[in-house]
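Following our numbering, the residues of the sequence shown are numbered contiguously, the last one being 1640. Cβ coordinates follow ideal geometry from the N, Cα and C atoms, glycine included. Some notes on the structure that comes next.
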Amino acid sequence: MEILIDTINDSICAVALNKNHSLEAVELDPEFEQIRHGTIYMGRVERIDATDNTAYIDLGHGLIGYLNAKDARHLGKKTDKPLPKWLNAGDLIIVQAQDGFISPRIGTYEQYEDKNVRLTMDLTLHGRFMLYAPYRKDNKISKRIKDKALNAQLLEMMDGENMHGAILRAASKMIQNDMLIREYKMLAHAWQAILNNIPMENTAGPILAGPDAIMRMLSNQAMNTIERVEICGDDLFDHTQTWCMQFAPDLVSKIIHSSIDENAIDAERLFEFRGVLTPIEDLYRPYAVLDNGASIIIEETAALTAIDVNRGGARGSKLNINISTAKEIMRQIRLRNLSGIIMIDFLKMANDAERKELTQAMKKFAADDPYTVQIHGLTKLGLMEVSRARRTPPLSEKLDIAINL
């Protein structure tokens, strides 16, 4: 696998290319990003809605988030007490953004849409192979690590090192324990630095930015063998190298400073030179055409994403067409960062055995996604129901900023 890092109209972009030089993943940070997933804030309680048991938090700079009772922590611990019993307007609390929010374009309906970000007090700091949750006492391991013996070994190692709040990602099964211990100590030290440097002024604002496009890409691709990381621009090169020296020392020797002029126009920069700018821009279109002649139509709405499968010129049984299309659908979901409820209208199949086979194929293809994906199966209307965890806005929103500046 190869990672390319550059900008598109001043928006930082990182892409992963597989051995066939096709897009495997895209991460993009728009220039006008207001709130990034994972950013930690000092927030001021603006008001509490006792009816909904929800607190509205001032994050500074005119940004407001909401904190549900289930995501609140009293003295670092989960509590069943209603928020008004222990939280008051004016209180300062440390919270973390669970969503991302892009600044709305002037003159669009998003400018007037309520975009309060979802918050939590169950904080996590992001590493490459683990998350660190400072308020948790137990340690956890990704459900994607199925080996029971390995699970027991990892838990024993964490207990032996007196770890707490460590949440191991699936990629942790591929590295040595000393690397996990090293990363845990760095994240724990970073949390202590946050506590030691909290501003004394009673002001709301960000304390620590969430993972950027480069960090997300290198962390999400930790399960794959990365052969080279090519970067255009001195600042991006230095930033990537610094992060890798901390969290990915194995990649430091693989970082290459591109010979492309970082001051060139986009048409002459790295993505265009490597032939990936057009495939990236194609993700802005509401459709994708498969090599076998089939196509999929993707319609994003506020409530859900609807995907329709068209046979087109594809030959073969409906089941075989559906399975080949399912693989591309899961790839498009990953590339476009679609989340929430996703309903897929496949070609109608003849019997339950075929429908079961398609559902199993979807689960197999979903396993490649770094985010949590659930395949719920086919509804009575024959629609495949899928849900995917949301962390950052869909790629279409980000490309709308990056491409149309």
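CA-CA distance, I1275 and V1330? 6 Å
Which partner residues of C1467 appear in the DSSP bridge assignment? BP columns for C1467 are empty, so no partner.
What are the start and end residues of each continuous beta strand (DSSP E) run of 3 or more residues lying completely inside the region 1380-1424, in chain order? 1401-1403
N- and C-terminal bounds of the alpha helix (DSSP H) containing Q1567: 1553-1571
Euclidean distance between Cα positions of H1611 and R1566: Between H1611 and R1566, the C-alpha separation is close to 18 Å.
Quick check for students: name the residue ranges of the beta strand (DSSP E) that lie wholly in the region 1430-1496, counting only runs of 3 or more. 1440-1443, 1463-1466, 1490-1492
Test item: CB-CB of Y1606 and S1559 under 9 Å: no
Are the CB atoms of C1479 and T1242 within a distance shorter than 9 Å? no
List the endpoints of the continuous beta strand (DSSP E) containing T1540. Start and end: 1540-1545.
Coil, strand or helix - K1312 by DSSP: strand
Taking the DSSP output, what are the residues bridged to S1631? In the DSSP assignment, S1631 forms no beta bridge with any residue.
In three-state DSSP terms, what is A1601? helix
Sequence-distant residues of its chain with Cβ nearer than 7 Å to K1599 (five each side left out): The same chain holds no residue with a CB closer than 7 Å to that of K1599 once the five nearest residues on each side in sequence are set aside.
Out of A1307, R1379, R1590, T1627, which has the shortest C-alpha to C-alpha gap to D1603? Measuring from the Cα of D1603, the nearest candidate turns out to be R1379.
Quick one: what's M1619 bridged to in DSSP? M1619 is bridged to I1579, L1613.
For I1238, count neighbouring C-beta atoms within 10 Å of its own C-beta (all shown protein chains included) and say buried if the count is 16 or more, exposed if not. buried
Can you find the residues in the same chain that come closer than 7 Å, C-beta to C-beta, to D1293, ignoring five residues on each side of it along the sequence? G1278, R1279, E1281, I1299, A1439
Does DSSP classify L1505 as helix, strand or coil? helix
Between L1512 and I1247, what straight-line distance do the alpha-carbon atoms span, to the nearest angstrom? 13 Å
Could you tell me whether the Cβ atoms of L1453 and A1483 are closer together than 9 Å? yes
Would you mind giving the Cβ-Cβ distance between I1283 and L1310, rounded to the nearest angstrom? I have them listed as a contact below 8 Å. The Cβ separation is near 18 Å, so there is no contact.
Indicate whether P1265 and K1633 have their beta-carbon atoms separated by less than 9 Å. yes
Who are L1322's beta bridge partners in DSSP? BP columns for L1322 are empty, so no partner.
Let me confirm a value: E1436 is counted as buried when at least 16 other C-beta atoms fall within 10 Å, else exposed. Which label applies? exposed
Could you tell me the boundaries of the beta strand (DSSP E) in which E1259 lies? 1258-1264
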